[in-house]
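Asks: In UniProt numbering, the protein residues as written are 1 to 208.
Positions of the beta carbon are idealized from the N, C-alpha and C atoms, including for glycine.
Bear in mind that the values here come from a model prediction, so they are computed numbers and not experimental data.
Here it is, written out as structure tokens:
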């Protein structure tokens, strides 16, 4: 089994020349994405489409960093704000209508704890899944193997080390569930601040 096959099977592998060649393709696309005029939104969207095949209406505010791009699958209407990093050694699957605040990082990659073994250059990747309708707050980190359910909010500055179930507000280091998200949350836009009459009427119209 070669090292690309080992990597894709989530087995320990070494980033040999063949692995690095795959990354080279991605990094050429990232170079264009991260140096384009930030006001050229259509051009940015086109490069994102090239980087994330199959993405529908995805938008990323550069700079953005990843290893392969082809290991990232995003649903409809994905948005990542400035300085997002996805180390996609293993598969990263992101659902519909997900929003990432600035400086969100997803790490599928890792290295052995013992220094002697780590110095052999063997590493690993374990997949990460994010459900539908997830908002991840700024400076949050998602670690290898984590599954985040649908309709979840991850508070800013969180380090997500374990799975988070559906319909939860979770935050902290390590990230933990704070409470469930309920229908009572619908009319508030921030903590105890309710939508004003004009915006609430518009929301009701849009939601039918």
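Using a threshold of 8 Å, state whether the C-beta atoms of residue 166 and residue 131 are closer than that.
Replies: Yes; because the gap between Cβ atoms is below 8 Å, this pair is in contact.
Asks: Less than 8 Å between C-beta atoms, sequence neighbours within five positions excluded: which residues of the same chain meet that for residue 50?
Replies: Hits under 8 Å: 29.
Asks: Scan the region 61–122 and note each continuous beta strand (DSSP E) run of 3 residues or more that stays entirely inside, going in chain order.
Replies: DSSP runs (the beta strand (DSSP E)) wholly in the region 61–122: 64–66, 72–74, 84–87, 92–94, 105–107.
Asks: So, for residue 82: in the same chain, excluding its five sequence neighbours on each side, which residues have a beta-carbon less than 6 Å away from its beta-carbon?
Replies: Excluding residues within five positions, the ones whose Cβ falls inside 6 Å are 61, 102.
Asks: Could you please give me the residues that DSSP links to residue 134 through a beta bridge?
Replies: Per DSSP, none; premise fails for residue 134.
Asks: Taking a contact to mean a Cβ-Cβ separation below 8 Å, would you say residue 149 touches residue 164 in this structure?
Replies: Yes.
Asks: Whose C-beta lies closer than 6 Å to the C-beta of residue 85 among residues of the same chain, with five residues either side of it excluded?
Replies: Cβ neighbours of residue 85 beyond the five flanking positions: 65, 105.
Asks: Considering just the uninterrupted stretch of the alpha helix (DSSP H) at residue 195, what are its terminal residues?
Replies: Residue 195 -> no alpha helix (DSSP H), and no H or E assigned at all.
Asks: For residue 188, tell me which candidate among 200, 180, 178, 179 has the shortest Cα-Cα distance.
Replies: The candidate whose alpha carbon is nearest that of residue 188 is 200.
Asks: Taking the alpha-carbon positions, what's the residue 141 to residue 160 distance?
Replies: Going from the Cα of residue 141 to the Cα of residue 160 covers about 6 Å.
Asks: Give the secondary structure of residue 171 by DSSP, where H, G and I count as helix, E and B as strand, and everything else as coil.
Replies: Of the three classes helix, strand and coil, the one that applies to residue 171 here is strand, per DSSP.
Asks: Would you grab the beta carbon distance between residue 173 and residue 157 for me? Rounded to a whole angstrom, and I think it's under 8 Å.
Replies: At roughly 7 Å, the Cβ-Cβ gap stays under 8 Å, so residue 173 and residue 157 are in contact.
Asks: Please classify residue 100 as buried or exposed, where buried requires at least 16 neighbouring CB atoms within 10 angstroms.
Replies: Answer is buried; the Cβ neighbour count reaches 16.
Asks: Helix, strand or coil for residue 59, going by three-state DSSP, please let me know.
Replies: Looking at residue 59 - three-state DSSP - the assignment turns out to be strand.
Asks: Can residue 75 and residue 88 be called in contact, C-beta distance under 8 Å?
Replies: No; because the gap between Cβ atoms is not below 8 Å, this pair is not in contact.
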